[in-house]
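Chemist:
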Amino acid sequence: MKFSPKIITQTLDLYFKGLSQRKIADHLKQFENVSVAQPTILDWIKKYLKLLAKYSEKYKADVGNIWHCDETTVFIKKDGEKKYYQWIWNLMDAKTRYLLACQVTESRFVKDARKPLSKAKEIAKNAPDAIVTDGLQAYKEAIKAEFYGLGRIQNPHVRLKDFETKPNNNILERLNGTFRERTKVMRSLDSSIGAEEFAAGMQTYYNYIRPHQGINGMTPAQMANIPINLMGNRWETMIGLAIK
326 MKFSPKIITQ TLDLYFKGLS QRKIADHLKQ FENVSVAQPT ILDWIKKYLK LLAKYSEKYK
386 ADVGNIWHCD ETTVFIKKDG EKKYYQWIWN LMDAKTRYLL ACQVTESRFV KDARKPLSKA
446 KEIAKNAPDA IVTDGLQAYK EAIKAEFYGL GRIQNPHVRL KDFETKPNNN ILERLNGTFR
506 ERTKVMRSLD SSIGAEEFAA GMQTYYNYIR PHQGINGMTP AQMANIPINL MGNRWETMIG
566 LAIK
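Each residue of the sequence shown is one higher than the one before, starting from 326 at the first, in our numbering.
1) Taking the alpha carbon of A445 as the point to measure from, which residue in G389, Q479, S432, R433 has its own alpha carbon closest?
2) Rounded to the nearest angstrom, what separates I534 and N541 at their Cα positions?
3) Candidates F356, Q363, K354: which alpha carbon is nearest Q346's?
4) Residues in its own chain within less than 6 angstroms of A524 by CB, not counting five upstream and five downstream?
5) On the three-state DSSP scale, how would you describe F434?
6) Could you name the residues that DSSP lists as bridge partners for L424?
7) Whose C-beta lies closer than 6 angstroms to the C-beta of E561 among residues of the same chain, with five residues either side of it excluded?
8) Comparing alpha-carbon positions, which option in A520, I496, E522, G557 lies nearest H537?
9) Please list, in chain order, all residues of the same chain as V435 whose beta carbon is under 7 angstroms from its beta carbon, the five residues on each side excluded.
10) By the 10 Å Cβ neighbour count, where 16 or more other Cβ atoms means buried, how is N554 classified, buried or exposed?
11) Helix, strand or coil: which one does DSSP assign to L556?
12) Work out the CA separation of K440 and R559 for me, nearest whole Å.
13) Would you kindly report the start and end of the unbroken beta strand (DSSP E) that includes F400?
14) State yes or no: is the C-beta of R484 within less than 7 angstroms of the C-beta of T503?
15) By Cβ distance, which residues of its chain are closer than 7 angstroms to I349, with the 5 residues on each side in sequence left out?
16) What is the residue span of the alpha helix (DSSP H) that K477 lies within?
17) How big is the Cα-Cα spacing for K385 and T529?
18) When you compare only the Cα positions, how much space is there between N501 and T397?
19) Go through its chain and collect everything with a Cβ distance to S517's Cβ below 8 angstroms, but skip five positions before and after it.
20) Name the residue from L374, H482, L425 whose alpha carbon lies nearest to the alpha carbon of N532.
21) Using only the alpha-carbon positions, how far apart do A378 and G526 sit?
22) Quick one: what's got a C-beta closer than 8 angstroms to I332's C-beta in the same chain, skipping five residues either side?
23) Pick from L376, Y373, D368, Y423: whose alpha carbon is nearest that of G539?
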């Protein structure tokens with residue numbers, strides 16, 4: 326690469342901390358005396374997130390028995406069409422805060438709700454005893470179809486009555502807030518493919534790079550006993566491991 330690993334990984338980190346491509350370019354020019362074009366920044370993001378997402382799928386997560394699932398919107402912009410939104414489904418383990426699935430769909434039917442559930446089954450070492458969701462009806466049939474009979478409890482679905490009563494979905498609401506902080510800066514994504522890339526990137530960032538206050542400053546990957554030891558510049562270390 327023409328630019329140093331420090332510049333590239335600094336760009337990735339600033340992007341997922343909420344800076345726009347324009348602000349990232351300004352930061353690099355001001356503090357590193359390096360001129361980077363905005364299209365180059367986007368190319369780096371796409372290239373390395375694809376690499377990291379593929380690498381992270383090698384390992385199964387040692388997670389707890391209570392999972393939470395919720396969905397949030399992301400705006401999509403296509404050439405010649407008005408902006409519309411799609412759905413990002415997030416499924417997280419309560420114990421480790423590990424984001425087991427982050428899937429993008431155009432609708433919220435049963436077939437859509439099954440996608441994050443199916444993905445989580447591939448990644449987790451064990452089936453859950455409870456999956457906490459909001460009132461969306463699609464979860465009822467989707468969870469039954471994916472998990473019926475796999476764990477100690479035949480149908481692990483726990484549907485919330487309201488936002489206050491425990492168990493609640495507060496940990497997912499905070500995660501969705503993190504997603505909205507990033508998408509608010511972006512205003513919209515370029516296409517549905519861009520949305521899927523964004524979701525995969527956020528999942529990698531959340532699980533492996535970003536320390537979590539709720540688990541004593543560790544990353545969810547560390548809590549889930551993922552055998553990837555990331556020290557110092559976590560972006561650079563993980564990219565190096567993925568390339569090897």
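C-beta: ideal position from N, C-alpha, C; glycine also. Remember, predicted model here, so these are calculated numbers, not experimental data.
Modeler: Considering the structure as presented:
1) G389
2) Whole-angstrom Cα-Cα distance: 14 angstroms.
3) Q363
4) I413, C427, V429
5) coil
6) M417
7) Excluding positions up to five away in sequence, the list reads P330, T334.
8) I496
9) A463, E466, A467
10) exposed
11) According to the sequence as given, residue 556 is Met; it is not Leu. In this structure, M556 counts as coil in the three-state DSSP scheme.
12) 29 angstroms
13) 391-401
14) no
15) Counting only Cβ-Cβ distances below 7 angstroms, and skipping sequence neighbours, we find T336, L339, Y340, I366.
16) Checking the sequence, you will find Arg at residue 477 rather than Lys. Segment: none, R477 is in no alpha helix (DSSP H) and carries neither H nor E.
17) Cα to Cα, K385 sits roughly 14 angstroms from T529.
18) 6 angstroms
19) Only weak support is given to the placement of S517: the predicted model assigns it a pLDDT of 47, under 50, and the question is left unresolved by the model.
20) L425
21) 7 angstroms
22) L353, E357, V359, V361
23) Y423
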